[in-house]
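S.K.:
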Amino acid sequence: MPPEAMPVEATPLEATSAVLPAESRPGVSKPNPILTARGLVRSFGAFKAVDIQNLEIQQGVITALIGPNGAGKTTFFNLATGFDDTSEGSCWFQDQRITGLHNYQIARLGAVRTFQNTRALTRLTVMENMLFASQQQFGERLHRVYGAKWRRKEQKEKERARELLDRFALTHMADEFAGTLSGGQRKLLEMARALMAEPTMVLLDEPLAGVNPALGETILEHILALKAGGTTVLFIEHDMSAVRKVSDWVICLAEGRVIAEGTHGEVGQNQLVLDAYLGSTRGGMSDDE
Amino acid sequence: MDWIGITVAALRASVGPVAVAYALAGLGLNLQFGYAGLWNYGHVVAVAAGAYGAAIPLEAGATLMVGVLCGVAAALVVSLFLGVAALRLRLDYLAIATIAFGEIFRQVVRSNWAEPVTGGVFGIQQFARDFFDLNPISEGRYGWGDFSFDHRSLWLMIVGWTLIVIGVLAMYMLVHSPWGRTVRAIREDEQVARSLGKNVFFVRLQSFMIGSVFGAFAGVLLAFANNVNPDFYSLILTFWVYTALLIGGIGRVLGPVVGAVVFWFLFQWFDGFMQSSIAEGWYGNLLQTTDAGPFRFMLLGLILVLLVVLRPQGFFGDKDEALLDAS
Chain G
7 MPPEAMPVEA
17 TPLEATSAVL
27 PAESRPGVSK
37 PNPILTARGL
47 VRSFGAFKAV
57 DIQNLEIQQG
67 VITALIGPNG
77 AGKTTFFNLA
87 TGFDDTSEGS
97 CWFQDQRITG
107 LHNYQIARLG
117 AVRTFQNTRA
127 LTRLTVMENM
137 LFASQQQFGE
147 RLHRVYGAKW
157 RRKEQKEKER
167 ARELLDRFAL
177 THMADEFAGT
187 LSGGQRKLLE
197 MARALMAEPT
207 MVLLDEPLAG
217 VNPALGETIL
227 EHILALKAGG
237 TTVLFIEHDM
247 SAVRKVSDWV
257 ICLAEGRVIA
267 EGTHGEVGQN
277 QLVLDAYLGS
287 TRGGMSDDE
Chain A
269 MDWIGITVAA
279 LRASVGPVAV
289 AYALAGLGLN
299 LQFGYAGLWN
309 YGHVVAVAAG
319 AYGAAIPLEA
329 GATLMVGVLC
339 GVAAALVVSL
349 FLGVAALRLR
359 LDYLAIATIA
369 FGEIFRQVVR
379 SNWAEPVTGG
389 VFGIQQFARD
399 FFDLNPISEG
409 RYGWGDFSFD
419 HRSLWLMIVG
429 WTLIVIGVLA
439 MYMLVHSPWG
449 RTVRAIREDE
459 QVARSLGKNV
469 FFVRLQSFMI
479 GSVFGAFAGV
489 LLAFANNVNP
499 DFYSLILTFW
509 VYTALLIGGI
519 GRVLGPVVGA
529 VVFWFLFQWF
539 DGFMQSSIAE
549 GWYGNLLQTT
559 DAGPFRFMLL
569 GLILVLLVVL
579 RPQGFFGDKD
589 EALLDAS
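In order, the protein sequences belong to chains G and A. Counting from 7, one number per residue, gives the positions in the first sequence under my numbering. Counting from 269, one number per residue, gives the positions in the second sequence under my numbering.
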């Protein structure tokens with residue numbers, strides 16, 4: 007049985023400046039898409055882990071990607087961020103075709119992802135974890151290492167890092183090795199670090215996995231704050247109450263295909279979605295992996 | 269037993285030209301292995317490329333400057349080639365590829381086919397005249413009692429220790445820069461680095477090639493000290509440099525320098541100790557004088573085991589850091 011879902015009142019969404027699409031069918035086109043997938047296929051032999059005809063992620067909103075285990079959610083993330091090879095089809099980020107680019111090039115365009123298993127750089131300090139993520143490091147180029155200029159420029163980055171650490175309540179740990187952080191702190195650091203890169207879009211792979219409910223709330227608030235700051239968020243989540251709380255739009259994948267799209271209310275009542283969950287995992291829409 | 273004599277001989281070895289070369293090679297390996305996390309088991313290739321790269325043009329009559337630059341250039345070319353080929357592999361395969369390449373390199377330079385250029389199994393001699401002509405020290409032995417060096421060794425040591433000081437400063441600035449931070453971050457988790465827009469392959473190639481430059485200087489110095497002989501550049505040299513690095517502390521700028529000094533002190537001390545104790549008949553008929561060689565390695569191995577158990581971070585390392593889970 008799934009853990010009893012917390013009673014969720016329909017939380018009023020933060021005012022969304024973006025206008026959501028009028029229709030709710032799989033592959034519906036949206037105003038101002040930031041990430042687009044067309045005919046995207048990832049096959050392993052005869053098996054198609056991802057087989058998406060048409061999918062658009064809208065700029066400036068929070069989109070949740072749900073689906074039973076093995077639905078292809080993480081594989082889709084990997085394809086969109088260049089961490090896996092696309093078999094057929096393409097993705098576009100803003101107006102640029104990104105399929106075929108290296109993963110680090112896609113990140114430089116502004117699409118930054120996190121990973122399902124938290125990945126702190128354990129033998130770097132928390133502050134170093136932050137600074138390293140910046141895209142504005144003058145002294146990161148080898149030929150500038152022996153100049154004096156990067157030290158001055160680094161001060162600005164340090165200030166930005168401190169502000170972010172403040173926001174994520176990690177300031178007191180700034181000079182400790184990231185390996186000494188607790189699991190929850192690592193989750194926070196991972197988010198803060200992604201923001202240090204100043205992304206236009208973040209792709210969060212199960213940001214709430216293995217996190218206690220209180221910290222979960224905090225992370226959800228951070229996700230809402232991201233949207234308020236103009237960052238587009240796409241996140242994979244199993245916990246439906248969390249999805250309800252923050253997402254403007256929900257996309258459900260099953261067996262590699264988009265089977266439903268819409269607001270959480272619409273998707274939650276969609277028969278295909280209920281069948282996909284109940285048919286594949288008896289536990290239903292819980293978060294066990 | 270002459271304890272003082274053994275210890276003085278060991279002290280002499282610990283700061284001598286060979287220890288200096290190990291320290292330089294270790295500085296480079298520390299960047300590759302300690303900071304960048306690259307399992308380079310073919311560091312000897314950079315050392316040998318430096319030695320041959322300098323010796324071949326010098327023997328043909330090039331000036332000293334050209335010879336040294338050729339040595340460094342040879343190491344850069346070889347490491348570029350090896351890096352482009354092997355740094356795309358997973359790191360465990362990198363270890364295998366570099367071991368293989370180290371052996372291939374040695375077999376090529378010692379082959380009959382390459383003999384006209386590399387001297388084959390005979391190596392190259394008598395090419396360092398220009399280097400020793402620059403020696404400001406007049407002929408003789410200098411020092412206190414047994415702790416003394418001839419003018420040639422002293423000149424090698426002055427140049428070598430100067431190179432070490434410059435190398436340590438250069439390395440310190442390198443690893444404490446944002447570039448060095450990215451190098452270490454990639455060591456921790458290359459996927460995270462990629463997800464944040466870092467070109468992992470390129471940064472690795474940079475650190476690999478810079479490490480090879482340090483190896484090349486070590487090779488040039490060894491060539492001046494001992495001539496060039498292909499079988500000197502066998503796989504074991506890489507592992508001795510690793511041992512020195514482990515002793516000093518991986519991922520610390522001064523680690524390889526202290527490590528090389530301690531390594532050569534211990535090595536020479538055990539050698540002297542085994543020679544004398546066998547000569548004095550401590551072990552009866554159990555050990556002969558010819559057994560001294562293998563036994564000093566056993567003692568060195570024992571020290572290494574004790575070190576890993578009792579002080580895994582080396583002399584300079586940070587134990588908390590060393591024991592943090594890398595994953």
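Beta carbons: idealized from backbone N, C-alpha and C, even for Gly. None of these values were measured; they are calculated from a predicted model.
1) Is DSSP giving R579(A) helix, strand or coil here?
2) Would you say A215(G) reaches chain A, if we count a Cβ-Cβ gap shorter than 8 Å as a contact?
3) Enumerate, from N- to C-terminal direction, the unbroken alpha helix (DSSP H) stretches of 4 or more residues contained entirely within the segment 403-453 of chain A.
4) N84(G) CB to nearest chain A CB: under 8 Å?
5) According to the Cβ coordinates, are A314(A) and G448(A) closer than 8 Å?
6) In chain A, which residues lie with their C-beta within 7 Å of the C-beta of Y152(G)?
7) Does DSSP put R374(A) in a helix, in a strand, or in coil?
8) For M269(A), which three-state DSSP category applies?
9) What is the residue span of the beta strand (DSSP E) that S49(G) lies within?
10) Could you have a look at S96(G) and say whether DSSP puts it in helix, strand or coil?
11) Inspect the beta-carbon positions of M425(A) and G294(A) and report whether they are closer than 8 Å.
12) Within 8 Å (strictly less), CB to CB, does V340(A) reach chain G?
13) Whole angstroms is fine: what's the gap from V334(A)'s alpha carbon to D457(A)'s?
14) Report yes or no: is there a C-beta of chain G within less than 8 Å of the C-beta of S445(A)?
15) Any beta carbon of chain A sitting closer than 8 Å to that of G189(G)?
16) For M197(G) and L355(A), I'd like the C-alpha separation in whole angstroms.
17) Please state the DSSP three-state secondary structure of N109(G).
18) Spatial neighbours of L534(A) within its chain, please: C-beta separation below 7 Å, excluding the five flanking residues on both sides.
19) Rank A547(A), G465(A) and Q543(A) by C-alpha distance to the C-alpha of E116(G) and give the top, closest one.
20) With DSSP run on the structure shown, which of helix, strand or coil describes V279(G)?
21) State the CB to CB distance for the pair H228(G) and V249(G), rounded to an integer number of angstroms; the pair is presumed to be in contact (CB under 8 Å).
22) Using the C-alpha atoms, what's the distance from G321(A) back to A341(A)?
23) I'd like the span of the beta strand (DSSP E) that includes A266(G), first residue to last.
24) Taking the CB atoms as reference points, tell me whether V67(G) and D281(G) lie closer together than 8 Å.
25) Would you kindly work out how many angstroms separate the C-alpha atoms of E212(G) and A368(A), rounded to a whole number?
26) I'd like the list of long-range same chain contacts for P217(G), defined as Cβ closer than 7 Å, with 5 residues on each side in sequence excluded.
27) Which residues does DSSP list as the beta-bridge partners of M202(G)?
28) Which partner residues does D211(G) have in the DSSP bridge list?
29) When DSSP labels each residue in this structure, what does L127(G) get in the three-state scheme?
30) I want to know whether the segment 270-289 of chain A touches the segment 416-430 of chain A - three or more CB-CB distances under 8 Å.
31) Against R119(G), what residues of chain A qualify as contacts under a CB-to-CB distance less than 8 Å, listed in chain order?
32) Hey, A291(A) and P524(A) are a contact pair by Cβ (cut 8 Å); roughly how many whole angstroms apart?
33) Which of the residues in the segment 527-541 of chain A, read from start to end, lie with their CB under 9 Å from any CB of chain G?
34) Where does the unbroken beta strand (DSSP E) through D57(G) begin, and where does it stop?
M.R.: In short:
1) Taken through DSSP and simplified to helix, strand or coil, R579(A) comes out as coil.
2) Output row for A215(G): interface = no.
3) Scanning the segment 403-453 of chain A from its first residue to its last, the whole alpha helix (DSSP H) runs of 4-plus residues come out as 419-443.
4) It does not; no Cβ of chain A falls within 8 Å.
5) No, these two residues do not count as a Cβ contact at 8 Å.
6) Correct list: M441.
7) DSSP places R374(A) in the helix class (H, G or I) of the three-state scheme.
8) Here M269(A) carries a coil assignment [DSSP, helix/strand/coil].
9) Its beta strand (DSSP E) spans residues P39 to F50.
10) When DSSP states are grouped into helix, strand and coil, S96(G) belongs to the strand group.
11) No, the Cβ-Cβ distance between M425(A) and G294(A) is not below 8 Å.
12) Not one chain G Cβ lies under 8 Å of V340(A).
13) If I take the Cα positions, the gap works out to 40 Å.
14) So yes, S445(A) belongs to the interface.
15) So no, G189(G) is outside the interface.
16) Rounded to whole angstroms, M197(G) to L355(A) spans 29 Å at the Cα level.
17) Helix, per DSSP.
18) Hits under 7 Å: L568 and I571.
19) Correcting the residue type first, residue 116(G) is Gly in the shown sequence and not Glu. Closest by alpha carbon: G465(A).
20) Under the three-state reduction of DSSP, V279(G) is assigned to helix.
21) Contact between H228(G) and V249(G) fails: their C-beta atoms lie close to 16 Å from each other, not under 8 Å.
22) Rounded to whole angstroms, A341(A) to G321(A) spans 8 Å at the Cα level.
23) R263 to G268 is the span of the beta strand (DSSP E), which, as asked, contains A266(G).
24) Contact flag unset, no.
25) Taking the straight line joining both Cα atoms gives about 42 Å.
26) Here residue 217(G) turns out to be Val, not Pro, going by the sequence shown. The residues are G190, K193 and I225.
27) DSSP, once it has assigned bridges, lists no residue as partnering M202(G).
28) Looking at the DSSP output, D211(G) bridges to I242(G).
29) In the structure shown, L127(G) sits in coil (DSSP, three-state: anything other than H, G, I, E or B).
30) Contact between the segment 270-289 of chain A and the segment 416-430 of chain A is present, because at least three Cβ pairs lie under 8 Å.
31) Residues of chain A passing the Cβ test: S463.
32) About 6 Å; that satisfies the 8 Å criterion.
33) Listed by position along the chain: nothing, the set is empty.
34) D57(G) -> beta strand (DSSP E) spans F53 to Q64.
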